[in-house]
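Read through the structure below, which is laid out as structure tokens, and then see the notes.
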Amino acid sequence: MGDPAVKIFDTTLRDGEQSPGATMTLDEKLQVADLLVRLNVDIIEAGFPAASPGDFSAVRDIARRVKGSAVAALARAQISDIDIAWDAIREAEHPVLHVFLATSDIHLQHKLHLSREEALQRIHSSVTHAHSLCPTVEFSAEDATRSDCEYLSRVFACAIRAGASTINVPDTVGYTYPTEYEALFVYLRKHVPGIENVTLSAHCHDDLGMATANTLAAIHGGARQVEVTINGIGERAGNTALEEIAMVLRTRPELFGNLDTHINTEELLTASQLVSSLTGIQVQPNKAIVGMNAFAHEAGIHQDGVLKNRMTYEIMTPQSVGWNATNLVLGKHSGRHGLDARLRELGYRLDAEQLKSAYSRFIALADQKKHISDADLNYIIESGKETPAAI
Ligand SMILES: [Zn+2]
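In my numbering, the protein residues as written are 356 to 746.
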């Protein structure tokens with residue numbers, strides 16, 4: 356595994372749980388936390404304790420239970436929120452206080468009714484307070500990608516002086532573009548005093564379908580922490596998907612100077628299925644890495660290639676992310692090789708003539724049915740035996 360690593364900050368239990376309809380019970384949140392530990396994420400953002408008493412007790416229980424991964428709690432940049440968040444995570448093995456304040460003019464004027472100078476003062480006092488309680492403080496500038504760059508530099512310099520050791524640059528509204536986001540990280544590294552001593556973090560949303568690409572661009576720009584969720588669930592169009600980042604870095608290390616994550620990728624499918632069943636948010640079949648069809652091959656030419664050498668059409672093994680094996684889906688696009696392979700798995704050994712006849716019955720059936728099951732195949736073979744070749 357490459358070193359140094361990109362830290363995985365999982366926010367399935369906070370930003371992910373903010374997906375419409377994704378609310379989880381305490382017991383369900385604990386199940387997800389256990390799985391995140393098995394996945395070996397670096398930081399689990401467990402919730403927003405000031406939001407509700409239920410959120411508070413979930414974060415506290417997760418903080419008490421989790422060993423190995425750090426546990427973060429979100430707080431607005433105000434003393435009361437920070438005190439509640441600290442109360443919830445103080446028993447964690449590695450607590451992280453995550454303080455945020457919006458920094459774009461549109462948020463400052465219309466949402467917070469704060470001047471830029473007032474916002475700076477608030478960041479200074481809240482981060483100072485958080486740091487007096489907790490050694491590890493992350494500061495997020497909400498809507499960073501729509502904030503004035505020069506002002507954003509002052510914001511981050513102020514947060515670092517006040518004790519923040521992680522600086523997050525969120526694309527809260529899913530607005531940025533890979534080269535633009537990378538350039539923002541490069542700009543900040545050049546202009547913010549003390550930035551070389553802190554971890555830079557990327558947090559992206561998928562409103563324009565660019566969350567994964569933007570997050571990867573941020574790594575090129577110097578981010579060494581990424582904020583992600585299982586299956587990419589999250590506000591609106593969701594967050595960057597953990598499984599996609601983990602597998603891009605694992606599959607194309609040469610593009611990232613051999614940076615890797617600590618993720619146990621073999622657990623990715625289990626994590627995806629657990630989060631999907633607990634939240635009721637289904638994974639689309641064509642979802643990268645964890646979708647039902649991510650390793651399914653139906654086209655005959657593809658099946659033939661995969662049977663000869665899986666590298667022909669697979670850039671990573673299904674097993675590396677937790678699937679049992681390549682899934683050859685039998686349908687009307689399948690070829691004779693695919694049919695023969697499945698029949699062999701079912702215990703049938705056909706000679707060329709038998710296979711030819713079975714294949715024509717298979718194609719006739721596949722014209723009527725989308726997917727051909729093993730039961731259908733048994734029927735095709737057995738019925739073929741009773742009706743000797745009527746060619
Ligand atoms: Zn977010």
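Heads up, the beta-carbon is just placed ideally off N, CA and C, and yes, glycines get one too.
Contacting residues, own chain, Cβ-Cβ under 7 angstroms from residue i (five flanking each side not counted)
{"i": "Ala360", "result": "Leu614, Asp615, Thr616, His617"}
{"i": "Val510", "result": "Thr458, Leu475, Ile478, Ala496"}
{"i": "His462", "result": "Glu497, Asp498"}
{"i": "Arg691", "result": "Leu710, Tyr714"}
{"i": "Arg420", "result": "Leu385, Ala388"}
{"i": "Met647", "result": "Pro640"}
Residue i classed as buried or exposed, judged by whether at least 16 other C-beta atoms fall within 10 angstroms
{"i": "Gly702", "result": "exposed"}
{"i": "Ser728", "result": "exposed"}
{"i": "Lys362", "result": "buried"}
{"i": "Gly593", "result": "buried"}
{"i": "Leu610", "result": "exposed"}
{"i": "Val524", "result": "buried"}
{"i": "Pro450", "result": "buried"}
{"i": "Ala649", "result": "buried"}
{"i": "His465", "result": "exposed"}
{"i": "Arg704", "result": "exposed"}
{"i": "Pro743", "result": "With a pLDDT of 48 at Pro743, under the threshold of 50, the predicted position of this residue should be treated as unreliable, though the coordinate-derived value follows. So Pro743 ends up on the exposed side."}
{"i": "Ser435", "result": "exposed"}
{"i": "Gly693", "result": "buried"}
{"i": "Arg699", "result": "exposed"}
Length of the line joining the Cα atoms of residue i and residue j
{"i": "Trp441", "j": "Leu452", "result": "7 angstroms"}
{"i": "Ser508", "j": "Asn682", "result": "50 angstroms"}
{"i": "Thr491", "j": "Gly677", "result": "33 angstroms"}
{"i": "Leu368", "j": "Gly402", "result": "6 angstroms"}
{"i": "Pro404", "j": "Gly376", "result": "19 angstroms"}
{"i": "Asp397", "j": "Phe364", "result": "6 angstroms"}
{"i": "Ala418", "j": "Val528", "result": "29 angstroms"}
{"i": "Arg393", "j": "Gly518", "result": "31 angstroms"}
{"i": "Met565", "j": "Arg471", "result": "29 angstroms"}
{"i": "Asp498", "j": "Glu383", "result": "30 angstroms"}
{"i": "Pro408", "j": "Ser480", "result": "25 angstroms"}
{"i": "Thr620", "j": "Asp562", "result": "26 angstroms"}
{"i": "His726", "j": "Gly686", "result": "5 angstroms"}
{"i": "Gln748", "j": "Val638", "result": "In the structure as shown, the chain starts at 356 and stops at 746, and residue 748 therefore has no counterpart that could be examined."}
{"i": "Ile522", "j": "Thr625", "result": "31 angstroms"}
{"i": "Ala427", "j": "Asp731", "result": "51 angstroms"}
Anticipated Cβ contact below 8 angstroms, residue i with residue j, distance rounded
{"i": "Ile657", "j": "Val684", "result": "As written in the sequence, residue 657 is His, which differs from the Ile given in the question. With 8 angstroms as the limit, His657 and Val684 do not qualify as a contact, their Cβ atoms being about 10 angstroms apart."}
{"i": "Ile515", "j": "Val553", "result": "6 angstroms"}
{"i": "Met379", "j": "Leu597", "result": "Not a contact, Cβ separation roughly 17 angstroms."}
{"i": "Ile437", "j": "His484", "result": "6 angstroms"}
{"i": "Ile735", "j": "Ala713", "result": "6 angstroms"}
{"i": "Ala654", "j": "His688", "result": "5 angstroms"}
{"i": "Arg579", "j": "Leu555", "result": "6 angstroms"}
8 angstroms CB neighbourhood of residue i in its chain, flanking five on each side removed
{"i": "Asn313", "result": "With the chain covering 356 to 746 only, the question about residue 313 has no answer from this structure."}
{"i": "Val541", "result": "Gly576, Gly577"}
{"i": "Ile636", "result": "Ser374, Gly376, Ala377, Asn586, Ile588, Val630"}
{"i": "Gln709", "result": "Gly739"}
{"i": "Ala538", "result": "Gly576"}
{"i": "Ala425", "result": "Asp397, Ile398, Ile399, Ala447, Glu448, His449, Pro450, Val451, Thr491"}
{"i": "Ile670", "result": "Thr606"}
Sequence-distant residues of its chain with Cβ nearer than 6 angstroms to residue i (five each side left out)
{"i": "Leu488", "result": "Trp441"}
{"i": "Leu629", "result": "Leu390"}
{"i": "Gly660", "result": "Thr667, Tyr668"}
Near ligand 3: residue i beta-carbon under 8 angstroms from a heavy atom
{"i": "His462", "result": "Ligand 3 is absent from the structure shown, which contains only ligand 1."}
Proximity test, Cβ basis, 9 angstroms: residue i and chain B
{"i": "Phe540", "result": "Here chain B cannot be found, since the structure has a single protein chain."}
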